[in-house]
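*Asks:* Just passing along the structure, written as structure tokens.
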Amino acid sequence: MLKSSYTLSVMCIIFSLEILAQNSEIKDINTQLEYLTSNDLNGRLTGTEGSDKAATFISKYFQEIGIKPYYETYRDTFYITKQTMTYNVIGHIKGRDPLLKNEPLIIGAHFDHIGIKKAIDGDSIANGANDNASGTVAVMQLAKALKDTKPKRPILFVLFDAEEQGLLGSKYFAEKLKSEDIKPYVIFNVEMIGIPMKDKPHQAYLTGYEKSNFAEIFNAYADKEILIFLPQAKDYKLFKRSDNYPFYQSFEIPAHSVSTFDFTNYEYYHHVDDETQLLNPEHIQNLVNLWVEPLLKIANHSEKLIKLNN
Numbered sequence: 001m002l003k004s005s006y007t008l009s010v011m012c013i014i015f016s017l018e019i020l021a022q023n024s025e026i027k028d029i030n031t032q033l034e035y036l037t038s039n040d041l042n043g044r045l046t047g048t049e050g051s052d053k054a055a056t057f058i059s060k061y062f063q064e065i066g067i068k069p070y071y072e073t074y075r076d077t078f079y080i081t082k083q084t085m086t087y088n089v090i091g092h093i094k095g096r097d098p099l100l101k102n103e104p105l106i107i108g109a110h111f112d113h114i115g116i117k118k119a120i121d122g123d124s125i126a127n128g129a130n131d132n133a134s135g136t137v138a139v140m141q142l143a144k145a146l147k148d149t150k151p152k153r154p155i156l157f158v159l160f161d162a163e164e165q166g167l168l169g170s171k172y173f174a175e176k177l178k179s180e181d182i183k184p185y186v187i188f189n190v191e192m193i194g195i196p197m198k199d200k201p202h203q204a205y206l207t208g209y210e211k212s213n214f215a216e217i218f219n220a221y222a223d224k225e226i227l228i229f230l231p232q233a234k235d236y237k238l239f240k241r242s243d244n245y246p247f248y249q250s251f252e253i254p255a256h257s258v259s260t261f262d263f264t265n266y267e268y269y270h271h272v273d274d275e276t277q278l279l280n281p282e283h284i285q286n287l288v289n290l291w292v293e294p295l296l297k298i299a300n301h302s303e304k305l306i307k308l309n310n
């Protein structure tokens, strides 16, 4: 009886610690969402002070958790016009296999939004909570979850700017990697995951699902169906509309975005009412936790099992 009581006590303590950890993660997610969508950032329009503040916030977080900059600093500068300078924010975990040093896994999301719009009920700031503070925070949380791992291949955490201007940040970075003889293994880009899909609370859809076996391998690594096909994603050509696409164009590699915006579960796309209080931080946390293991397995597998379909 004493042994049983002791075992039960240990189990209760472990369970309590898990709950505390989960609550801490949700608090972290809420804090990050609230800052990135605050009116102080004025909608994170590329080239503005708000965009600069968002980049600083992400860079400081990477530094705090021990994610090293990929280049000399976290900011990789580029120009969208002759006068307008901006930057992607890039952190990384170094790979331990020298044979794979030029074949990183890239985990990305865009952190910019559309700035100021026509006022509705006195509010003119498009704060971009679902689009794409949710994806930005997911990448930040994935970096935290993976920071102490020692993967075989490098993992790059890339927060792209100027997606809303025409995928300019990802186009720039893809071209830069190509000039450096770096060919990514796969691209996992996170886009609008703040609200669960209806009747699919633990799943996300993959854009360009049919173009590779990414979902098949990812789901096998997870031992459950996490990534699914959504017909509307193909109908609306979403594969070409986010930061995965320039890498597919430049390298002909498996490059996909994941999302839970299914055209029925959220009505505030590019709208001033796209606010943090409408999102589900527990859902974001749940997806991040589900993704960690299969992403680490991708980074740890020397053989390129994920391939484009013929």
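Position one of the sequence shown corresponds to residue 1 (the working numbering), numbered consecutively onward.
For each residue, glycine too, the CB sits at the ideal point set by N, CA and C.
What you are looking at is a predicted structure, and each value in this text was computed from that prediction instead of being measured.
1) Can you tell which of Glu210, Asp121 and Asn219 has the C-alpha that lies nearest to the C-alpha of Leu238?
2) How would you call Gly122, buried or exposed, if buried means at least 16 neighbouring beta carbons within 10 angstroms?
3) Would you grab the beta carbon distance between Asp112 and Thr207 for me? Rounded to a whole angstrom, and I think it's under 8 Å.
4) Expressed to the nearest angstrom, what Euclidean distance is found between the alpha-carbon atoms of Leu295 and Thr84?
5) Go through its chain and collect everything with a Cβ distance to Ile228's Cβ below 6 Å, but skip five positions before and after it.
6) Using a Cβ cut-off of 9 Å (strictly closer), state whether Arg153 contacts chain D.
7) Can you name, in chain order, every residue of its own chain whose Cβ lies under 7 Å from the Cβ of Asp181, other than the five neighbours on each side?
8) Counting beta carbon pairs with one atom in the region 22 to 36 and one in the region 93 to 110, are three or more of them shorter than 8 Å?
9) How should Tyr324 be labelled, buried or exposed, when 16 other C-beta atoms within 10 angstroms of its C-beta is the threshold for buried?
10) If Ile93 sits next to Thr149, beta carbons under 8 Å apart, how far is it from one beta carbon to the other, in whole angstroms?
11) So is Gly166 buried or exposed if we call it buried at 16+ other beta carbons inside 10 Å?
12) Measure how close the beta-carbons of Val258 and Phe188 come, nearest whole angstrom, since I'm counting them as under 8 Å.
13) Hey, would you say Ile120 sits closer than 9 Å to Ile284, going by beta carbons?
14) Look at the alpha carbon of Pro196 and the alpha carbon of Trp291, and state the distance between them as a whole number of angstroms.
15) Pick from Val288, Gln141, Leu100 and Pro201: whose alpha carbon is nearest that of Pro184?
16) If I'm right that Pro151 touches Phe214 with Cβ under 8 Å, what's the distance once you round it to whole angstroms?
17) What are the complete beta strand (DSSP E) segments, minimum 3 residues, inside the region 181 to 267?
18) May I have the straight-line CA-CA distance separating Asn309 from Glu252, to the nearest angstrom?
19) Going by C-alpha distance, which of Lys144, Glu72, Gly66 and Leu168 is nearest Ser242?
20) Note down the Cα distance separating Tyr35 from Ile58, rounded to an integer number of angstroms.
21) With C-beta atoms as the reference, is Ile155 less than 9 Å away from Ala299?
22) Starting from the C-beta of Glu293, find all residues in its chain whose C-beta is less than 8 Å away, skip the five residues before and the five after it, and write them out in chain order.
23) Judging by CA-CA distance, which residue of Thr48, Arg44 and Ile306 is the nearest neighbour of Val272?
24) With a Cβ-Cβ cutoff of 9 Å, do Leu275 and Asn42 count as a contact?
*Replies:* Looking at the atomic coordinates:
1) Glu210
2) exposed
3) With a Cβ gap of about 19 Å, Asp112 and Thr207 do not count as contacting.
4) 35 Å
5) Gln203 and Tyr205
6) The chain labelled as chain D is not found in the depicted structure, where only one protein chain is given.
7) Asn102
8) no
9) Residue 324 is absent from the model: the chain starts at 1 and stops at 310.
10) 7 Å
11) exposed
12) 7 Å
13) no
14) 15 Å
15) Leu100
16) Not really, about 18 Å apart at Cβ, beyond 8 Å.
17) 186 to 190, 204 to 206 and 255 to 259
18) 11 Å
19) Leu168
20) 11 Å
21) yes
22) Tyr221 and Ala222
23) Arg44
24) For the record, residue 275 in the displayed sequence is Glu; it is not Leu. Not in contact: Glu275 and Asn42 (Cβ atoms no closer than 9 Å).
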